[in-house]
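Residue numbers (our numbering), protein chains in the order written: chain V, 33 to 308; chain U, 114 to 431; chain W, 25 to 477.
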Amino acid sequence: MKALLRRPSGAIGLALVALHVAIALAAPWIVPHDARAISAALMFSPPDAAHWLGTDHLGRDILTRTMLGGRQALLVTAIATPLAVAWGGMLGMYLGLAGGRRDDVAMRLVDALLSLPWILKMLLMIVTFGAAPQVLVPVLAFFYGVPVIRIARAATQGVVARDYVLAARARGHGRLSIILREVLPNVRDALMVEGAMRWSWMLLAFSSLSFLGFGVAPPTPDWGLMIADSRSFLAIAPWAALAPVAALSSLIIGINLTADALAKALGLDRAHSAPQ
Amino acid sequence: MLAYALRRIVLGLLTVLLVSAMIFFAVEALPGDACTAVLQRDAHGQRLENCRREMGLDRPAVARYLDWIGGAIRGDLDASAGSGKPITELVGARLANTLLLAGLSMAVGVPLALLLGVVTALARDRAADLALSTAAILAMTIPEFVTATLLIFTFSVWLGWVPGIVLASADAPVSALFPTIWLPVAVLTMVMTAHILRTVRSSMIDVMEGEFVQMARLKGVPAWRVVWRHALPSALLPAINVVALTVAWLLGGVVVVEKVFNYPGLGRFMVDSITERDLPVVQGLALVVASAYVGVNLAADLLALLLDPRLRTARLRA
Amino acid sequence: MKTARALAATLAALLPLAAAPAQAQTVFRQAHEVGFGQASSLDPASRGRVFQVTEKIMSRLIRPGLDGKPAPDLAESWSANADATEWTLKLRQGVKFHDGRPFTAEDAVWSLTRVMDPKTDSPARALLAVIKSVEAPDATTLKLTLTGPFADLPLVLTDYRLMMLPKDSGETIGRTGMGTGPFRVERFDAAGTTTLAANPDYFEGRPGVARMEVIGIPDAQARFQALLGGQIDMLPGLGRQERALVERSPRHRLQEVPTGNWRGIVFRADQKPFDDVRVRKALRLAVDRKAMRDLAVGPDGGITGCDTPISPTDQYRAEGECAQDIAGARRLLAEAGYPNGIDIELSVSTVEAVWPVIGEIYQQQVVAAGIRVKLVQEPADGYWNRVWMKKPAVMTRWNERPADAMLNEIWRSTSRWNESGFNDPAFDALLDSARREIDFAKPAPSTSRRSNT
Numbered sequence: 033m034k035a036l037l038r039r040p041s042g043a044i045g046l047a048l049v050a051l052h053v054a055i056a057l058a059a060p061w062i063v064p065h066d067a068r069a070i071s072a073a074l075m076f077s078p079p080d081a082a083h084w085l086g087t088d089h090l091g092r093d094i095l096t097r098t099m100l101g102g103r104q105a106l107l108v109t110a111i112a113t114p115l116a117v118a119w120g121g122m123l124g125m126y127l128g129l130a131g132g133r134r135d136d137v138a139m140r141l142v143d144a145l146l147s148l149p150w151i152l153k154m155l156l157m158i159v160t161f162g163a164a165p166q167v168l169v170p171v172l173a174f175f176y177g178v179p180v181i182r183i184a185r186a187a188t189q190g191v192v193a194r195d196y197v198l199a200a201r202a203r204g205h206g207r208l209s210i211i212l213r214e215v216l217p218n219v220r221d222a223l224m225v226e227g228a229m230r231w232s233w234m235l236l237a238f239s240s241l242s243f244l245g246f247g248v249a250p251p252t253p254d255w256g257l258m259i260a261d262s263r264s265f266l267a268i269a270p271w272a273a274l275a276p277v278a279a280l281s282s283l284i285i286g287i288n289l290t291a292d293a294l295a296k297a298l299g300l301d302r303a304h305s306a307p308q
Numbered sequence: 114m115l116a117y118a119l120r121r122i123v124l125g126l127l128t129v130l131l132v133s134a135m136i137f138f139a140v141e142a143l144p145g146d147a148c149t150a151v152l153q154r155d156a157h158g159q160r161l162e163n164c165r166r167e168m169g170l171d172r173p174a175v176a177r178y179l180d181w182i183g184g185a186i187r188g189d190l191d192a193s194a195g196s197g198k199p200i201t202e203l204v205g206a207r208l209a210n211t212l213l214l215a216g217l218s219m220a221v222g223v224p225l226a227l228l229l230g231v232v233t234a235l236a237r238d239r240a241a242d243l244a245l246s247t248a249a250i251l252a253m254t255i256p257e258f259v260t261a262t263l264l265i266f267t268f269s270v271w272l273g274w275v276p277g278i279v280l281a282s283a284d285a286p287v288s289a290l291f292p293t294i295w296l297p298v299a300v301l302t303m304v305m306t307a308h309i310l311r312t313v314r315s316s317m318i319d320v321m322e323g324e325f326v327q328m329a330r331l332k333g334v335p336a337w338r339v340v341w342r343h344a345l346p347s348a349l350l351p352a353i354n355v356v357a358l359t360v361a362w363l364l365g366g367v368v369v370v371e372k373v374f375n376y377p378g379l380g381r382f383m384v385d386s387i388t389e390r391d392l393p394v395v396q397g398l399a400l401v402v403a404s405a406y407v408g409v410n411l412a413a414d415l416l417a418l419l420l421d422p423r424l425r426t427a428r429l430r431a
Numbered sequence: 025m026k027t028a029r030a031l032a033a034t035l036a037a038l039l040p041l042a043a044a045p046a047q048a049q050t051v052f053r054q055a056h057e058v059g060f061g062q063a064s065s066l067d068p069a070s071r072g073r074v075f076q077v078t079e080k081i082m083s084r085l086i087r088p089g090l091d092g093k094p095a096p097d098l099a100e101s102w103s104a105n106a107d108a109t110e111w112t113l114k115l116r117q118g119v120k121f122h123d124g125r126p127f128t129a130e131d132a133v134w135s136l137t138r139v140m141d142p143k144t145d146s147p148a149r150a151l152l153a154v155i156k157s158v159e160a161p162d163a164t165t166l167k168l169t170l171t172g173p174f175a176d177l178p179l180v181l182t183d184y185r186l187m188m189l190p191k192d193s194g195e196t197i198g199r200t201g202m203g204t205g206p207f208r209v210e211r212f213d214a215a216g217t218t219t220l221a222a223n224p225d226y227f228e229g230r231p232g233v234a235r236m237e238v239i240g241i242p243d244a245q246a247r248f249q250a251l252l253g254g255q256i257d258m259l260p261g262l263g264r265q266e267r268a269l270v271e272r273s274p275r276h277r278l279q280e281v282p283t284g285n286w287r288g289i290v291f292r293a294d295q296k297p298f299d300d301v302r303v304r305k306a307l308r309l310a311v312d313r314k315a316m317r318d319l320a321v322g323p324d325g326g327i328t329g330c331d332t333p334i335s336p337t338d339q340y341r342a343e344g345e346c347a348q349d350i351a352g353a354r355r356l357l358a359e360a361g362y363p364n365g366i367d368i369e370l371s372v373s374t375v376e377a378v379w380p381v382i383g384e385i386y387q388q389q390v391v392a393a394g395i396r397v398k399l400v401q402e403p404a405d406g407y408w409n410r411v412w413m414k415k416p417a418v419m420t421r422w423n424e425r426p427a428d429a430m431l432n433e434i435w436r437s438t439s440r441w442n443e444s445g446f447n448d449p450a451f452d453a454l455l456d457s458a459r460r461e462i463d464f465a466k467p468a469p470s471t472s473r474r475s476n477t
């Protein structure tokens with residue numbers, strides 16, 4: 033943690049994330065207006081004393097909606113990320129340790145799942161089960177846990193032949209105990225960095241779904257949805273689109289800066305990423 | 114080495130087969146089928162039964178899967194439940210559009226990423242590197258729909274330099290996509306350049322610090338020659354995989370970009386087919402996209418194998 | 025329901041930089057919604073007719089004049105016998121189809137009987153139920169015999185689907201679009217760009233532009249972007265938000281054209297929970313129509329009424345106001361067995377930019393009455409095939425029609441486009457008797473719909 037904060041990018045990143053979490057938690061009590069109150073008189077009002085960030089196409093307060101607009105995304109992804117890392121990490125460590133036929137079969141399944149685009153997997157689930165948080169959390173946790181299996185497995189294979197693991201095996205420890213006591217401490221760093229990355233991908237996926245009209249349903253404020261609603265009106269009401277743009281971007285950048293700094297502090301290389 | 118290559122190819126085919134089964138039975142498990150999609154509110158009783166019999170939906174799922182995968186191998190993916198047109202034709206037209214978009218983005222993005230990657234690595238921790246690396250992080254993290262929206266506003270609405278929206282239909286000739294294709298290409302190029310640049314930079318730095326390059330320098334080989342002849346080739350290897358994943362990403366249909374620019378590619382088709390519950394199309398599309406993903410990654414692995422003698426022996430032993 | 029005005033933004037002047045060569049300037053481009061997806065057709069009588077194209081390539085017998093009254097098109101004059109049971113139309117002479125064939129009364133007979141034929145399954149068939157037979161005494165005369173007296177027959181014939189086509193072209197018309205209109209089809213591509221060329225032989229003279237392009241853009245936001253970027257020259261039906269933007273654009277001009285077009289929310293009276301009239305009444309009482317109008321299209325962007333589909337310029341329009349009554353809506357819902365409110369799903373789509381806006385306003389307005397609306401975003405492409413008339417609560421839009429056409433098409437139980445599934449034999453009988461009265465008093469329908477703008 034200290035090493036993380038010593039790097040400027042880590043400090044900025046963590047500060048951004050902390051700020052977003054704080055706002056999301058406190059928003060219902062500190063927002064200046066009713067997020068759903070519509071008004072013909074206020075349509076596209078520029079920022080002023082009453083509406084610091086102006087209003088949107090239905091006359092709703094942008095500041096209020098921006099402060100509330102990350103709650104669903106943060107809630108869902110903040111629960112889904114640890115779940116994804118947990119199940120993907122456990123399975124990956126197990127496979128790395130076990131090897132053999134089971135490992136082969138499981139990795140083919142992982143390959144197969146990874147070969148399908150995220151939007152196809154997510155949309156099939158959403159069209160069938162809806163886009164409520166109780167659906168999105170397990171769905172995101174499942175799909176975003178799959179790539180974690182690979183990372184955890186690779187990291188495990190790196191330590192599995194080391195003396196302490198062999199020694200633990202020789203002492204007759206069970207697999208679970210070896211995973212938790214010997215392997216986990218060694219792959220924890222990789223999993224932490226991977227978790228931060230998964231979190232930012234998930235946020236991106238979540239707001240893309242909202243932007244496309246499949247995620248958060250109106251009238252719940254959501255950044256992706258706000259951007260979709262306001263993007264045509266940049267010329268007359270830039271505040272309506274730019275506020276959620278700034279909010280969403282700063283959160284994702286914050287997470288990435290943190291992950292970057294974390295990786296550097298831990299001596300891991302996370303430069304090799306592909307767009308998702 | 115040949116044995117390894119063969120093994121990889123077989124594994125790739127196995128993965129595709131696995132995906133096909135996965136997607137077929139997953140879609141099968143969803144409520145509704147092609148008949149309920151066509152008949153909608155009339156989907157009950159005799160009409161539903163008749164439709165299912167006509168379309169062969171009353172046969173066991175495994176038999177239909179074998180039929181389907183057999184057809185797919187021959188290049189026949191059945192017909193769309195919505196329009197009745199052959200899926201091969203529908204997917205083919207959009208695949209061509211997606212390939213064009215991907216191809217142009219790669220043609221611009223890959224050389225640009227290599228160049229910038231080398232520049233940032235050589236200027237490590239200096240102003241140019243910091244600026245470019247920060248820009249790369251921004252480009253990777255800012256959602257595509259934000260970049261796309263800002264580009265349309267700036268270059269189409271405000272400056273009026275390029276048209277903002279693609280107006281061609283899916284089966285229009287490729288030429289109809291110009292000049293509207295440039296803005297979507299710009300968005301995709303930004304994203305992929307950022308990813309590849311970071312990979313090249315990091316591996317370039319590793320190589321430049323390696324003994325091999327240090328030795329060349331000590332020997333008095335000129336700096337540009339060290340970079341061009343010695344460092345760059347080894348630094349490119351790790352980039353191959355990232356490039357492959359990027360191609361796969363582009364082929365998977367960049368839905369958000371296609372939506373914003375009204376681009377008639379695979380991504381929008383995928384979204385529309387899923388929302389319309391045109392399940393035969395969804396199955397066909399998934400198979401095509403997954404095969405492309407596996408194929409591209411396989412090609413990258415084999416290429417890396419070909420280029421790197423160390424890898425050859427290392428992998429063989431593993 | 026209602027509305028009164030549609031707004032059109034037109035590209036008035038090209039920027040000096042964009043000054044195009046003369047040839048390019050004579051192309052006029054507009055969009056259509058691809059609302060019928062794959063079923064899109066140039067057959068004006070079919071369900072998937074792309075009217076943005078057919079209106080330019082074909083002619084009717086009688087067209088709606090700018091004042092809303094019947095005006096000559098291919099029929100130069102018309103007259104009825106004393107009790108209005110027999111109508112005689114004199115046809116224009118020397119008119120040619122795009123392929124050079126002359127237009128005759130035979131073509132007119134075929135075109136009308138084709139729509140009347142149940143096998144054609146045209147949505148416009150209900151309109152022609154009053155016609156018993158169509159005959160051509162000679163090449164320039166058309167005689168229509170009705171089932172009873174009907175004074176408004178000329179109004180019925182102004183319908184945009186009753187286009188005059190070459191005889192026996194039923195198999196090909198959907199692709200060729202052969203007509204007598206001011207433009208002829210060069211290339212038909214519903215999902216892409218349909219190109220039309222001026223018809224030099226048009227009977228009112230060569231049109232003012234050399235070419236027209238009708239471009240399929242399902243998504244309203246994309247259409248608006250295309251207008252802002254100068255990729256199309258005209259976009260009708262702007263909402264208040266788009267209007268605000270166009271008003272400030274130096275490149276665009278705003279035109280206001282009074283119309284009887286209206287948009288609304290339609291609930292299917294034959295599906296739960298809307299099969300209960302108390303629920304339907306509650307859904308109508310809970311809305312504040314004026315506030316919705318102000319926000320969706322602006323205070324001067326349209327008028328609100330009491331769910332009548334009749335144009336304000338129509339002599340048969342009945343005025344009425346439906347004030348918001350939250351308490352009344354709650355009471356009705358409680359009576360219908362929903363004391364704790366009701367959850368409904370409303371399908372919206374970007375077929376029109378203003379639909380999602382109306383949906384969100386409705387959602388917010390009625391929540392106080394315990395009506396919890398879930399907005400479902402449907403793809404615009406093919407909306408009219410897949411969502412409209414299929415899902416229980418959807419957004420709808422009707423373009424102006426004469427009162428008789430409107431009522432018969434929307435609410436007659438057997439009409440192809442009876443979108444609410446309204447089925448009331450007494451109402452059908454009223455429609456029949458109204459047609460027999462030359463000066464009929466308007467029936468006041470009590471129905472399932474509520475609409476706006």
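We treat Cβ as the ideally placed atom computed from N, Cα and C, and that holds for glycine.
Everything numeric in this text was worked out from a predicted model, so none of it was measured.
Item: For U:M219, report the span of its alpha helix (DSSP H) as first-last.; Value: 200–235
Item: Which residue spans inside the segment 185–231 of chain V form an unbroken alpha helix (DSSP H) run of at least 4?; Value: 195–202, 207–210
Item: So, helix, strand or coil for W:L41, using DSSP?; Value: Residue confidence is low: W:L41 scores 27 on pLDDT, short of 50, so the model does not pin down where it sits. No coordinate-derived value is stated.
Item: What does DSSP give as the partner residues of V:D80 in its beta bridges?; Value: According to DSSP, V:D80 bridges with nothing at all.
Item: Answer yes or no: does any C-beta atom of chain U fall closer than 8 angstroms to that of W:L115?; Value: no
Item: Use the C-beta contact count for V:V163: other C-beta atoms within 10 angstroms, 16 or more gives buried, fewer gives exposed.; Value: Correcting the residue identity first, residue 163 of chain V is Ala in this sequence and not Val. Classification of V:A163: buried, given that the 10 Å Cβ count is 16 or more.
Item: Are the segment 44–51 of chain V and the segment 286–293 of chain V touching by the rule of at least three beta carbon pairs closer than 8 angstroms?; Value: yes
Item: Using only CA atoms, which one of V:R103, V:I210, V:A105, V:L266 lies nearest to U:T435?; Value: No information on residue 435 of chain U is available, as it lies outside the stretch 114 to 431 that chain U covers here.
Item: Ignore the nearest five residues each way along the sequence and tell me which others in W:F127's own chain have a CB closer than 7 angstroms to its CB.; Value: L98, V119, K120, F121, M188, T204
Item: Would you mind telling me which residues of chain U sit closer than 7 angstroms to V:I94, beta carbon to beta carbon, in chain order?; Value: Those do not exist, as V:I94 stays about 16 angstroms from chain U at its closest Cβ, beyond 7 angstroms.
Item: According to a CB-to-CB cut-off of less than 7 angstroms, which residues of the segment 235–266 of chain W neighbour chain U?; Value: I239, G240, I241, D243, A246, Q249, A250, L252, G253, G254, Q255
Item: Counting Cβ pairs, one atom from each stretch, are 3 or more of them under 8 angstroms apart for the segment 182–190 of chain V and the segment 214–225 of chain V?; Value: yes
Item: Distance, Cα to Cα, W:S146 vs W:I434?; Value: 14 angstroms
Item: Using beta carbons (cut-off 8 angstroms, strictly below), is U:T267 in contact with chain W?; Value: no
Item: Counting beta carbon pairs with one atom in the segment 287–300 of chain W and one in the segment 431–449 of chain W, are three or more of them shorter than 8 angstroms?; Value: yes
Item: Secondary structure at W:Y184, three-state DSSP: helix, strand or coil?; Value: coil
Item: From the DSSP output, which residues share a beta bridge with W:V51?; Value: W:R235
Item: Could you name the residues that DSSP lists as bridge partners for V:A275?; Value: None; V:A275 has no bridge partner.
Item: Per DSSP, what kind of secondary structure is W:F291 in: helix, strand or coil?; Value: strand
Item: Going along the segment 398–416 of chain U in order, which residues come within less than 7 angstroms of chain V, judged by CB to CB distance?; Value: A399, V402, A403, Y406, V407
Item: Pick out whichever of U:M114, U:A403, U:V368 has its Cα sitting closest to the Cα of V:G245.; Value: U:V368
Item: Is the Cβ of U:S282 closer than 8 angstroms to any Cβ of chain W?; Value: yes
Item: Which of helix, strand or coil does DSSP assign to W:A465?; Value: Residue placement at W:A465 is flagged as unreliable, the pLDDT there being 40, under the threshold of 50; the coordinate-derived value follows with that caveat. Three-state result, W:A465: coil.
Item: For the pair the segment 325–337 of chain U and the segment 258–276 of chain U, tell me if three or more CB-CB distances fall below 8 angstroms.; Value: no
Item: Between U:L227, U:A236, U:V259, which has its C-alpha nearest V:R263's C-alpha?; Value: U:V259
Item: Answer with yes or no whether the minimum CB distance from W:P147 to chain U is below 8 angstroms.; Value: no
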